[in-house]
Amino acid sequence: MTHVSVCLCTFRRASLVNTLVGLAAQKLQAGITFDVVVVDSDLQGSAQSVVERTQSTLPISIRYVRADVAGVAAARNLAVANAVGPWLAFLDDDEVPATNWLSALVTCAECHQAQVVFGTVETRYPDGCPAWIRDVDLFGKYTAPTGTRVQHGPTCNTLLWRHALDGQPHVFDLSYGTTGGEDTELFKRLSAQGVVMVTCREAVVSETIESHRLNRHFLMRKAVRVGETYFRIFFAEAPLFARASLLARASAQCLLASLMALILLPFGLGHSMVYQIKAAANLGKLRAALGQSAVELYKG
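Residue numbers (this note's numbering): 7 to 306.
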């Protein structure tokens with residue numbers, strides 16, 4: 007028997023209902039069971055009534071927990087603390103899992119003897135999405151072929167063997183609470199300890215991008231934040247020569263990407279934005295190295 011606790015953190019999103027309905031629709035292989043832990047990052051508890059109302063109509067076990075500390079890292083830690091299964095599955099509150107999602111994750115873990123499995127996120131764009139975003143899929147996420155060994159990843163569609171966390175001083179680092187990146191930092195630590203992590207293209211969730219994110223301002227802020235957290239996670243404590251090498255590369259790549267963005271602009275904003283995002287990510291690395299205040303995407 008394999009039991010999975012699905013860890014679902016939420017913050018004022020009506021789409022939470024669709025996520026829960028998708029979980030209730032799971033078609034499980036024999037021997038797989040699951041429960042759901044919903045952690046409400048809104049200190050006012052706005053999701054409680056939503057969970058209670060939805061739970062009454064669904065044949066699944068849902069436990070609601072309200073966070074008492076703001077931030078996505080604190081919410082994820084609370085979800086882990088309230089989980090009962092030896093396996094933990096992480097899902098975002100703007101995602102809807104395919105009916106075979108959980109079975110595919112568990113099967114992949116067994117097949118590849120992995121302690122962590124990263125699934126596929128399919129991006130969907132709402133009506134009214136600017137064509138320059140949709141045409142080049144600026145919010146798209148790539149998943150390597152199933153079984154590919156990786157060293158880190160996000161928690162937006164992930165299965166984790168709970169005992170892989172044994173001996174860790176903490177699970178998700180609270181210092182990443184408003185910036186994000188706490189998941190990458192955790193998996194980087196686990197990878198350094200030899201935890202086996204693989205990808206699984208068959209474990210699919212769909213994510214519909216929120217309308218307020220469909221603009222250049224958000225894309226650029228997110229890209230800068232990605233660069234900042236990359237430097238912080240992988241290079242903040244690296245030897246001086248390694249940091250100097252990274253910053254030299256980041257400077258060159260920022261300039262080159264900026265030039266490509268200008269060259270491609272006459273061919274469409276979307277194609278230009280691909281390189282504007284690359285430039286912004288490298289700028290984020292430079293900002294982090296200089297100690298600039300980090301972009302806070304999850305301040306609430």
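Every residue gets a Cβ at the ideal spot worked out from N, C-alpha and C, and that includes glycine.
For Asp133, the secondary structure class from DSSP, reduced to helix, strand or coil, is coil. Here the C-alpha atom of Gly186 lies approximately 36 Å from the C-alpha atom of Ala36. In the DSSP annotation of this structure, the continuous segment of the beta strand (DSSP E) that includes His9 starts and ends at 8 to 16. In the DSSP assignment, Leu97 forms a beta bridge with Leu14, Asn163.
Distance from the Cα of Val102 is smallest, within the candidate group Asp172, Arg72, Val12, for Val12. Apart from sequence neighbours up to five positions away, the residues of its chain that approach Val90 with a beta-carbon distance below 7 Å are Ser11, Asp41, ordered along the chain. With a threshold of 16 other beta carbon atoms within 10 Å, Ser251 falls short and is exposed. Closest in alpha carbon position to Gly146, among Tyr281, Glu128, Leu166, is Glu128. According to the DSSP assignment, Arg231 belongs to the alpha helix (DSSP H) that extends over 222 to 240.
Shortest Cα-Cα distance from Thr205 to any of Lys33, Gly125, Leu26, Tyr70 involves Gly125.
Beta-bridge analysis with DSSP links Glu128 to Ser212.
Close CB contacts of Arg72 within its chain, under the 6 Å cut and outside five residues either way in sequence, are with Asp46, Gly51 (chain order). With fewer than 16 other Cβ atoms inside 10 Å of its own Cβ, Ile269 counts as exposed. In the three-state DSSP reduction, Thr60 falls in the helix class (H, G or I). Sequence-distant partners of Ser264 (beyond 5 residues in either direction) whose C-beta falls short of 8 Å from its own C-beta, in its chain, are Tyr281, Gln282, Ala285. The Cβ atoms of Cys260 and Leu289 lie closer than 9 Å to each other.
The beta carbons of Leu303 and Lys228 sit about 6 Å from each other, so the pair counts as a contact at 8 Å. Under DSSP, Ile38 forms a beta bridge with Thr8. Here the alpha carbons of Asp133 and Leu196 stand approximately 40 Å from one another. Judged by DSSP secondary structure, Arg155 falls outside any beta strand (DSSP E); it is assigned neither H nor E. Going by DSSP, Arg72 is part of the beta strand (DSSP E) stretching over 68 to 72. Taken through DSSP and simplified to helix, strand or coil, Asp189 comes out as helix. Taking C-beta atoms under 8 Å as the contact rule, Val43 and Asn88 qualify, at a distance of about 5 Å. A distance of 9 Å or more separates the beta carbons of Met279 and Leu111. By the C-beta density criterion, Asp141 is exposed, having fewer than 16 other C-beta atoms within 10 angstroms.
With 16 or more other CB atoms across the displayed protein chains lying within 10 angstroms of its CB, Ser109 is buried.
Counted as a single uninterrupted DSSP element, the stretch harbouring Gly91 is not any alpha helix (DSSP H), since DSSP gives it neither H nor E.
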